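Residues in the sequence shown are numbered consecutively from 0, following numbering that gives the first Met the number 0.
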Amino acid sequence: MFTGIVQGVARVESILAREGLHTLHLKFPEGFDQDLAIGASVACDGVCLTVTERPAPDVATFDVMAQTLNLTTLGGLQAGSGLNVERAAKEGVEIGGHPLSGHVDVSARIAEIRQPDNNHVIRFALPAPWMRYVFAKGYIGVNGCSLTVAEAHRERDGSGWFEVWLIPETLRMTTFGAKTVGDVVHIEIERSTQVVVDTVRDALDEKLGPLLPVLEALARERGIDLDGLALKR
0 MFTGIVQGVA
10 RVESILAREG
20 LHTLHLKFPE
30 GFDQDLAIGA
40 SVACDGVCLT
50 VTERPAPDVA
60 TFDVMAQTLN
70 LTTLGGLQAG
80 SGLNVERAAK
90 EGVEIGGHPL
100 SGHVDVSARI
110 AEIRQPDNNH
120 VIRFALPAPW
130 MRYVFAKGYI
140 GVNGCSLTVA
150 EAHRERDGSG
160 WFEVWLIPET
170 LRMTTFGAKT
180 VGDVVHIEIE
190 RSTQVVVDTV
200 RDALDEKLGP
210 LLPVLEALAR
220 ERGIDLDGLA
230 LKR
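The following block contains the structure:
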């Protein structure tokens, strides 16, 4: 488990790219790797990876399998690329963010960046159906960083956008300051929110499911657009 509090930026020293498997050599900030053992977990841009080798101080090696390469942006890394990194949480540690598993749900694209005085606002476009789990003032994991959603806009199909406001300290400790419009990031949905939303949806489907044919027939009779009312999934 991780807390979503990024502890620094690691840099890719080299990549050994083989069919279906990339081996990443990452250089960590000084002191990050104290007591970091082979087999330990590190969140790299929000993706939980396992240390496979410790070839030098401040350096560790990670294997990234085909499924992870297909679902994340890690397959597009190059030498010099930066990643947000966090060590696995220890028992009794203060959780300054919110619990994250290191399992990416979906990718989002940066749609807009604004820079009001002493702030940095990023708007992320999220595909359907994931916006159903994102609410203003709720938590979300973006590239392994626990962030608070400032604004959220949801379309009927479950797509939409959300915004986060980043303070200078967050920009200093992460890669967000270097991101540009069009860049893709990893999203991990806050799990308890997902459970509540899915439970409510399942309960409504169970209760209203048998009535849908009747509602659809009545709607057709009266010229009502069910999609516009969001009664159809």
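Even glycine gets a Cβ: it sits at the ideal position worked out from N, Cα and C. Computed from a predicted model, the values in this text were never measured in an experiment.
Between the Cα of residue 35 and those of 46, 57, 171 and 81, spot the shortest distance and give me the residue it belongs to.
In the sequence shown, the residue the question calls residue 35 occupies position 36. Of the candidates 46, 57, 171 and 81, the one whose C-alpha sits nearest the C-alpha of residue 35 is 57.
When the Cα of residue 113 is compared with those of 81, 165 and 30, which residue comes out closest?
The residue labelled residue 113 in the question sits at position 114 within the sequence shown. When each option's Cα is compared against that of residue 113, the closest is 165.
Can you name, in chain order, every residue of its own chain whose Cβ lies under 7 Å from the Cβ of residue 137, other than the five neighbours on each side?
Here residue 137 refers to the residue found at position 138 when the sequence shown is read from its first residue. Once the five neighbours on either side are set aside, the close Cβ partners of residue 137 are 148, 189 and 192.
Residues that residue 9 bridges to, as DSSP identifies them
Locating residue 9 in the sequence shown gives position 10, where the first residue counts as 1. Answer is 82.
Cα separation between residue 87 and residue 209?
Numbered from its first residue, the sequence shown carries residue 87 at position 88. Numbered from its first residue, the sequence shown carries residue 209 at position 210. Cα-Cα distance, rounded: 46 Å.
Rounded to whole angstroms, what is the Cα-Cα separation between residue 115 and residue 172?
As a working mapping, residue 115 is identified with position 116 in the sequence shown. As a working mapping, residue 172 is identified with position 173 in the sequence shown. Those two C-alpha atoms are separated by around 20 Å.
Spatial neighbours of residue 105 within its chain, please: C-beta separation below 6 Å, excluding the five flanking residues on both sides.
The residue you call residue 105 lines up with position 106 of the sequence shown. Contacts found: 129 and 186.
Span of the beta strand (DSSP E) holding residue 90?
The residue labelled residue 90 in the question sits at position 91 within the sequence shown. Counting along the chain, residue 90 falls outside any beta strand (DSSP E), and DSSP gives it neither H nor E.
3 or more residues per run - each beta strand (DSSP E) lying fully within the region 159-231
159-165 and 183-188
Let me know if residue 66 comes out buried or exposed under the rule of 16 or more other beta-carbons within 10 Å of its beta-carbon.
Within the sequence shown, the letter at position 67 stands for residue 66. Exposed.
For residue 127, the three-state DSSP class (helix, strand or coil)
Position 128 of the sequence shown, counted from the start, is the residue given in the question as residue 127. Note: residue 127 maps to coil in three-state DSSP.
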